[in-house]
Amino acid sequence: MRPVNPLRIGNFSGFYGDRFDALREMLTGGELDVLTGDYLAELTMLILARDRLKDPGAGYARTFLRQLEDVLGLVQERGVRIVTNAGGLNPAGLAGHIGELIDRLGVPLRVAHVEGDDLTAAHPGALAAHAYLGGFGIAACLRAGADIVVTGRVTDAALVTGPAAAHFGWGPGEFDRLAGAVVAGHVLECGTQATGGNYAFFQEGDVRRPGFPLAEIHADGSSVITKHPGTGGFVDVGTVTAQLLYETGGARYAGPDVTARLDRARLCQDGPDRVRIEGARGEAPPPTLKVGLNRLGGFRNEVVFVLTGLGIEAKADLVKDQLAAEMAKSPPADVRWELVRTDRPDAGTEETASALLRLVVRDPDQKVVGRALSGAAIELALASYPGFHVLAPPGRGDPYGIFEDTYVPQGEVPHTAVLPGGRPVRVPPPPETRPLAEAPAAGLPAPLEYGATRRAPLGLVAGARSGDKGGNANVGVWARTDEAWRWIAHELTVDRFRELIPESRELPVTRHPLPGLRALNFVVTGILGAGVASRHRFDPQAKALGEWLRSRHLDIPEALL
Numbered sequence: 376m377r378p379v380n381p382l383r384i385g386n387f388s389g390f391y392g393d394r395f396d397a398l399r400e401m402l403t404g405g406e407l408d409v410l411t412g413d414y415l416a417e418l419t420m421l422i423l424a425r426d427r428l429k430d431p432g433a434g435y436a437r438t439f440l441r442q443l444e445d446v447l448g449l450v451q452e453r454g455v456r457i458v459t460n461a462g463g464l465n466p467a468g469l470a471g472h473i474g475e476l477i478d479r480l481g482v483p484l485r486v487a488h489v490e491g492d493d494l495t496a497a498h499p500g501a502l503a504a505h506a507y508l509g510g511f512g513i514a515a516c517l518r519a520g521a522d523i524v525v526t527g528r529v530t531d532a533a534l535v536t537g538p539a540a541a542h543f544g545w546g547p548g549e550f551d552r553l554a555g556a557v558v559a560g561h562v563l564e565c566g567t568q569a570t571g572g573n574y575a576f577f578q579e580g581d582v583r584r585p586g587f588p589l590a591e592i593h594a595d596g597s598s599v600i601t602k603h604p605g606t607g608g609f610v611d612v613g614t615v616t617a618q619l620l621y622e623t624g625g626a627r628y629a630g631p632d633v634t635a636r637l638d639r640a641r642l643c644q645d646g647p648d649r650v651r652i653e654g655a656r657g658e659a660p661p662p663t664l665k666v667g668l669n670r671l672g673g674f675r676n677e678v679v680f681v682l683t684g685l686g687i688e689a690k691a692d693l694v695k696d697q698l699a700a701e702m703a704k705s706p707p708a709d710v711r712w713e714l715v716r717t718d719r720p721d722a723g724t725e726e727t728a729s730a731l732l733r734l735v736v737r738d739p740d741q742k743v744v745g746r747a748l749s750g751a752a753i754e755l756a757l758a759s760y761p762g763f764h765v766l767a768p769p770g771r772g773d774p775y776g777i778f779e780d781t782y783v784p785q786g787e788v789p790h791t792a793v794l795p796g797g798r799p800v801r802v803p804p805p806p807e808t809r810p811l812a813e814a815p816a817a818g819l820p821a822p823l824e825y826g827a828t829r830r831a832p833l834g835l836v837a838g839a840r841s842g843d844k845g846g847n848a849n850v851g852v853w854a855r856t857d858e859a860w861r862w863i864a865h866e867l868t869v870d871r872f873r874e875l876i877p878e879s880r881e882l883p884v885t886r887h888p889l890p891g892l893r894a895l896n897f898v899v900t901g902i903l904g905a906g907v908a909s910r911h912r913f914d915p916q917a918k919a920l921g922e923w924l925r926s927r928h929l930d931i932p933e934a935l936l
């Protein structure tokens with residue numbers, strides 16, 4: 376008979392570098408069954424790969440080991456199981472160090488790990504190539520009695536679907552239940568982004584130190600998102616909606632175990648700091664697994680010139696002409712100039728009278744972007760525009776990474792659970808798969824009938840959250856009322872989005888309506904170049920793209936303002 380009581384799963388880390396003492400906070404703040412820690416992102420995998428180049432025994436999140444040492448006795452005392460992807464590129468190595476820590480401190484806990492995601496050997500030229508595994512390897516470890524489970528590259532939601540499958544006895548084909556856990560896992564994965572952090576309407580609560588979120592997951596896959604009593608931040612339909620839209624695309628959210636239908640999920644407030652998620656539906660997962668490839672793209676250098684006072688554009692043209700002559704001697708493969716007009720007329724401070732001219736160069740050869748270029752820039756100090764200075768001296772040129780993704784059949788990836796005691800168990804691929812396809816077009820509400828309009832920022836009637844997936848960015852926009860949704864659903868078209876975000880005008884933009892969330896999700900293909908590690912644009916992960924959109928002005932019905 377399956378358990379009836381909900382499984383309480385918390386989160387203590389949303390990225391490598393998150394709040395160090397969150398693990399202790401979550402262990403001592405209230406009742407929990409499982410704690411998850413997410414450390415991996417595309418950029419993190421590159422960082423860990425470079426660590427591994429220097430030390431073959433490295434490649435995992437070192438901070439987790441220090442966090443765990445501080446609370447190992449509490450973990451055993453509270454009976455909370457820990458599941459984390461802090462293993463990165465070396466889950467066996469981190470699991471081994473945890474075992475040594477357990478022996479040294481004399482705490483009777485059992486460790487297991489999940490491996491098989493590392494496909495680097497099959498991708499020559501890649502620093503790291505890792506498949507995104509699902510949650511059933513984690514489930515196998517927990518069912519075998521593990522207290523701590525370390526993984527490498529699994530999907531972020533797998534940290535929740537694995538414990539839920541183990542607790543409730545779910546099998547691979549229980550797609551609706553698994554989809555519900557995926558939705559809950561996606562809400563938890565970024566930590567305090569679900570409790571008011573990075574939230575469009577942050578002024579509606581005290582978010583100076585948001586508490587970390589937890590999910591009460593039920594046997595049918597439904598859940599309640601909440602947080603420990605007395606912790607900062609807040610949980611409402613808006614904070615959960617924002618996180619559901621983060622780094623997603625269309626109505627079908629594909630994973631290794633299930634494709635979750637985000638357009639079927641329904642949110643409702645279930646009391647103070649409690650949001651219930653119901654109605655999620657699942658379909659068979661795709662027959663392939665995503666593989667993230669990280670490789671070195673070359674070398675990058677940057678100089679930011681400060682232009683002050685009058686004639687900003689003429690000053691910018693002068694320094695561009697001067698450096699163009701130098702760069703022509705050994706032209707970099709990629710040269711980007713950007714003039715950022717932060718200046719204002721008759722400014723009261725020198726800083727507010729200044730604009731920034733940013734030069735970024737890239738090339739496979741470090742010499743081309745290194746000292747020769749930086750020397751040429753500095754040699755202009757007494758021979759260029761009046762008031763010449765730079766924000767910082769340019770350096771030798773730093774290596775930058777490129778992220779790509781590819782796909783392999785699920786059965787070709789040796790997903791393996793290494794149980795407590797060291798016995799490896801192969802995790803089979805899902806028995807049923809389904810090629811991913813666009814969901815049927817969602818029905819939109821009737822257009823809002825309105826009279827007078829006022830020119831005003833979109834953010835007065837809509838929230839937004841944006842993020843990155845490789846070279847693409849998504850911007851999720853949601854309405855706070857039914858009336859605002861009726862307006863946004865018809866007003867915020869792809870053409871209007873391109874008008875408001877000029878960078879997107881020459882790029883593919885796809886709009887995905889999600890009526891159940893009163894939301895639109897825009898995916899802009901290629902806006903981030905080769906991914907965050909290439910630092911292609913000012914905001915390389917598109918974290919603030921949504922806030923820029925909210926600041927743009929439209930003719931908004933006065934009835935909504």
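Taken in order, the sequence shown gives residues 376 to 936; the numbers are from my numbering. For each residue, glycine too, the CB sits at the ideal point set by N, CA and C. Computed from a predicted structure; not experimentally measured.
Per DSSP, the unbroken alpha helix (DSSP H) holding L553 starts and ends at F550 to L563. With a 10 Å radius around the Cβ and a threshold of 16 neighbouring Cβ atoms, C643 comes out exposed. Distance from the CA atom of G762 to the CA atom of T724, rounded to whole angstroms, is 15 Å.
Ranked by Cα distance from V715, the options S729, G608 and M702 are led by S729. The Cβ-Cβ distance between N465 and T526 does not fall below 8 Å.
A Cβ-Cβ contact shorter than 8 Å links L407 with V455. Here the alpha carbons of A497 and R425 stand approximately 18 Å from one another.
For the pair L920 and V852, the CB atoms are not nearer than the 8 Å cut-off.
Contact between R641 and A814 does not hold, since the beta-carbon distance rounds to 16 Å and is not under 8 Å. Annotation: the continuous beta strand (DSSP E) that includes L410 extends over V409 to G412. Take the alpha-carbon of A934 and the one of V898: they are about 29 Å apart. In this structure, T634 places its C-beta atom within 8 Å of the C-beta atom of R627.
Residues of the same chain with a CB within less than 7 Å of the CB of S759, apart from the 5 flanking positions on each side, are L693, V694 and Q697 in chain order.
Secondary structure at V379: coil, using DSSP grouped into helix, strand and coil. Straight-line measurement puts the Cα of D721 at about 45 Å from the Cα of G624. Leaving aside the five residues that flank L671 on each side, the residues in its chain whose CB is nearer than 8 Å to its CB run, in chain order, L502, P774, Y775, G776 and I777. In the pairwise beta carbon analysis, the stretch 830 to 845 is classified as not touching the stretch 802 to 822: fewer than three pairs are separated by under 8 Å.
For Q644, the enclosing beta strand (DSSP E) begins and ends at R641 to Q644.
Note that the C-beta distance between A559 and I513 is not below 8 Å. In this structure, T727 places its C-beta atom within 8 Å of the C-beta atom of R719. When C-alpha distances from G566 are compared across F387, Q442, V650 and L402, the shortest belongs to F387. The shortest CA-to-CA distance from R639 to any of G630, E658 and V650 is the one to E658. In this structure, DSSP gives H790 a state outside helix and strand, which the three-state scheme calls coil.
The beta carbons of G796 and G772 sit no closer together than 8 Å. Burial state of N380 is exposed, judged by a 10 Å Cβ sphere holding fewer than 16 other Cβ atoms. In this structure the stretch 598 to 612 lies against the stretch 571 to 586, because at least three pairs of beta carbons, one per stretch, are closer than 8 Å.
Of all alpha-carbon atoms in D413, D492 and I523, the one lying nearest the alpha-carbon of L484 is that of I523. Distance from the CA of A812 to the CA of L664, rounded to the nearest whole angstrom, comes to 15 Å. Of the candidates A699, K742 and V650, the residue whose Cα lies closest to the Cα of F674 is K742. With fewer than 16 other beta carbons inside 10 angstroms of its own, G520 counts as exposed.
Judged by DSSP in its simplified three-state form, W862 adopts helix.
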